[in-house]
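Undergrad: My questions all concern the structure below.
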């Protein structure tokens, strides 16, 4: 079942979901265990096929699930998910097995794609791990190839974010430190040289 | 000479200059040639010593300067530099030797640090290239260790951005595609679980 308003994003435009630097949620699942963490250190790496980088500390349970399953999802949380984002970024599944429920995370699946996906986000990128053991060990740096992407069409449509037309609680979150975030702000266009 | 309002940022807090995902300017210099390009694909990689990643396409002149000099600077441009940012991101020094002047770029140096630095930005991170030939060749992915950082104290002070107290033209820029940017927006704090 695909939740209402979720539509595929053309792979060649998937980088646009991350290009403005939002803090993301990283989700992964293996052998019956699912987890979600927040990551400000996620970034586009290539256009087509789209690739991404994400830093996953050795202490995180999500990292182990990514390594075991070979896949993960990056998703873009909204201002409405501020508390959820901070909660999954500051608690560990190892310490609190009830972490996801307590943080208010609802997971869903998309048929034919490795999940899980976090409900209520504005965009989702399903990624296949591109194994790079040296990067993973030395830098905690993981590379993924985006195999499919989706967005909530009320917030991203026709290859463009529509933050300026959507309710403010759907804007992306940009973490600085210690629970201090900024929402994305005003749209602006650089005019070509005259 | 250190321009007015520029103060060092403690290395352990340098990641905060990039954590909210701004589009940056990458500058490098070698053998009398300096260049500046825009990059949305730059990201923090580690806390202390701070490291960063940045994607530098093989077609860019800046990449060659980084490879030859072993150093680069990441700096955070402001809304006031929207046109400059788009200009240095869409023209090549190879095609237009007068690129920097035409884009309105003013460079300065900081004694004891490899530059050049772009005037008018809100923050600067001087980086030493950490050579990783496989990443550079396969992914255009460059890793830098931040050796020193500075910020304009009117926009970043005591380890925190002060966008909400500063004029709107000093906010950071977040590129989506084709000259479409967002400025960073409203500050928000996630309260701890009650």
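Residue numbers (full-length UniProt numbering), protein chains in the order written: chain U, 1 to 194; chain V, 1 to 194.
Glycine is no exception: its CB is placed at the ideal position from the N, C-alpha and C atoms.
#1: In chain order, which continuous runs of the beta strand (DSSP E) of length 3 or greater are located wholly inside the segment 21 to 54 of chain U?
#2: Alpha carbon to alpha carbon, how far is residue 45(V) from residue 175(U)?
#3: Which residues in the same chain have their Cβ closer than 7 Å to the Cβ of residue 55(U), if we skip the five residues on either side of it in sequence?
#4: Could you check which residue in 10(V), 3(V), 4(V) and 5(V) has the C-alpha nearest to that of residue 158(V)?
#5: Using a Cβ-Cβ cut-off of 9 Å, state whether residue 86(U) counts as contacting chain V.
#6: Quick one, are the C-beta atoms of residue 37(U) and residue 53(U) less than 9 Å apart?
#7: Any chance the segment 69 to 86 of chain V sits against the segment 12 to 32 of chain V, with 3 or more Cβ pairs inside 8 Å?
#8: What do you get for residue 194(U), buried or exposed, if any count of 16 or more other CB atoms within 10 angstroms of its CB means buried?
#9: So, helix, strand or coil for residue 194(V), using DSSP?
#10: Run through chain U and tell me which residues come within less than 7 Å of residue 171(V), C-beta to C-beta.
#11: Identify the contact partners of residue 163(V) in chain U, using a Cβ-Cβ distance below 8 Å as the criterion.
#12: Under the criterion of a Cβ to heavy atom distance below 8 Å, does residue 22(V) qualify as lining the ligand MG?
#13: Give me the Cα-Cα distance between residue 177(V) and residue 155(U), rounded to the nearest whole angstrom.
#14: Which class does residue 8(U) belong to by DSSP, given the choice of helix, strand or coil?
#15: Residue 144(U) bridges to which residues according to DSSP?
#16: Our contact map puts residue 79(V) next to residue 171(V) with C-beta atoms below 8 Å; I'd like the distance itself, whole angstroms only.
#17: Over the uninterrupted beta strand (DSSP E) stretch that includes residue 189(U), give me the two end residues.
TA: Inspection of the coordinates gives the following:
#1: 24 to 30, 33 to 39 and 42 to 47
#2: 15 Å
#3: 39, 41, 140 and 141
#4: 10(V)
#5: yes
#6: no
#7: yes
#8: Confidence at residue 194(U) is low in this model, with a pLDDT of 46, below 50, so its placement is unreliable and no value can be given for it.
#9: Annotation note: pLDDT 46 at residue 194(V) (below 50); position unreliable, coordinate value reported separately. Correct three-state label for residue 194(V): coil.
#10: 185
#11: 182
#12: By its list of ligands, the structure shown contains no ligand whatsoever, and the ligand MG lies outside what it can speak to.
#13: 16 Å
#14: strand
#15: 52(U) and 129(U)
#16: 5 Å
#17: 180 to 189
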